[in-house]
Amino acid sequence: MKKKNKILIVIFSLVFLSIISLAIINQNLISQSSSQQELIDFELPVIDKNGLQKRTFKLSEYKGYVILLEFAVEWCPHCENMVPVLKQIYNNFNQKGVMLVTVMLNSQTTLERTVEFIKKHDIPWLNLFDANLNVAMKYEIKYTPTFVIVDRNFKIVEKFSGEYSYDQIVAKLQKYL
């Protein structure tokens with residue numbers, strides 16, 4: 253009986269220590285992910301309802317703005333659902349120092365279908381085309397839509413994926429205006 257009790261105590265202790273260790277590791281990961289990160293600069297071609305343009309957009313040229321980057325792909329239903337929300341954000345914050353930029357990913361799609369998506373939704377804000385997914389890989393984009401908020405100091409301050417309401421995104425943006 254004593255041997256059984258000792259084994260149970262050892263097992264209980266190991267489980268307890270494992271739980272405590274996981275809690276500490278998890279807390280460290282949370283604090284690391286919420287800390288500011290240096291922005292990775294990039295330059296991509298501009299795309300609009302007329303196709304690829306002869307000009308490019310270089311992110312570092314817009315230091316001083318709050319930038320809401322959206323990473324999207326034309327076939328993603330969640331990206332499509334976000335268009336009305338982003339239009340509202342664009343209309344209400346474009347003149348308040350917030351720059352909205354969508355990076356359209358060339359993932360399982362074509363340039364033509366991406367242009368049609370922009371045309372269909374009459375998207376007024378800046379769209380870029382990441383043909384080789386280089387920027388998506390640098391930013392470790394795993395899901396669409398993914399949003400990245402860049403503050404005026406050129407730091408990544410928020411990164412989140414999925415569908416969000418207007419109020420949810422505005423609450424995030426307001427912290428950096």
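With this note's numbering, letter number 40 in the sequence shown gets 292, and the count goes up by one each step, no holes.
Cβ atoms here follow ideal geometry from the backbone N, Cα and C, with glycine treated the same way.
What did DSSP end up calling residue i once you bin it into helix, strand or coil?
i      : result
Pro336 : helix
Arg365 : helix
Ala383 : coil
Asp300 : strand
Ser359 : coil
Ile370 : helix
Ile341 : helix
Lys310 : strand
Lys315 : strand
Pro329 : helix
For residue i, which residues of its own chain have a beta-carbon under 8 Å away from its beta-carbon, when the five flanking residues on both sides are left out?
i      : result
Pro376 : Lys339 and Tyr342
Ser413 : Lys394, Tyr395, Thr396, Pro397, Thr398 and Phe399
Ile276 : With a pLDDT of 38 at Ile276, under the threshold of 50, the modelled position of that residue is not reliable, and the figure given next carries that caveat. Result list for Ile276: empty, nothing under 8 Å.
Arg365 : Glu326 and Trp327
His330 : Thr396, Pro397, Gly414 and Glu415
Leu378 : Val298, Phe309, Met351, Leu352, Val353 and Thr354
Asn346 : Leu352 and Trp377
Lys348 : Leu429
For residue i, which residues from the same chain have a beta carbon less than 7 Å from its beta carbon, with the 5 sequence-adjacent residues on both sides left out?
i      : result
Leu385 : Leu357, Asn358 and Ser359
Lys424 : Ile401 and Glu410
Gly316 : Arg404
Lys306 : none
Below 9 Å between beta carbons: does that hold for residue i and residue j?
i      : j      : result
Leu380 : Val355 : yes
Tyr416 : Val318 : no
Ile421 : Val367 : no
Asp293 : Leu311 : yes
Glu313 : Phe369 : no
Leu296 : Leu363 : no
Assuming residue i contacts residue j under a Cβ cut-off of 8 Å, what Cβ separation, rounded to an integer in Å, is found between them?
i      : j      : result
Val298 : Leu321 : That belief does not hold up - the Cβ atoms of Val298 and Leu321 are roughly 14 Å apart, past 8 Å.
Leu291 : Lys407 : 6 Å
Thr361 : Glu326 : 5 Å
Phe323 : Ala388 : 6 Å
For residue i, which residues from the same chain have a beta carbon less than 6 Å from its beta carbon, with the 5 sequence-adjacent residues on both sides left out?
i      : result
Asn278 : With a pLDDT of 38 at Asn278, under the threshold of 50, the predicted position of this residue should be treated as unreliable, though the coordinate-derived value follows. Excluding sequence neighbours, Asn278 sits near nothing in its chain.
His373 : Val335
Ala383 : Asn358
Lys371 : Lys301
Compute every distance between the C-beta of residue i and the non-hydrogen atoms of the ligand SAH, then say whether any falls below 8 Å.
i      : result
Lys301 : By its list of ligands, the structure shown contains no ligand whatsoever, and the ligand SAH lies outside what it can speak to.
**Request:** Can you check the region 386 to 424 for any beta strand (DSSP E) of at least 3 residues that lies completely inside it and give the ranges in chain order?
**Result:** Residue ranges of uninterrupted beta strand (DSSP E) with 3 or more members, entirely inside the region 386 to 424 and ordered along the chain, are 398 to 402 and 407 to 413.
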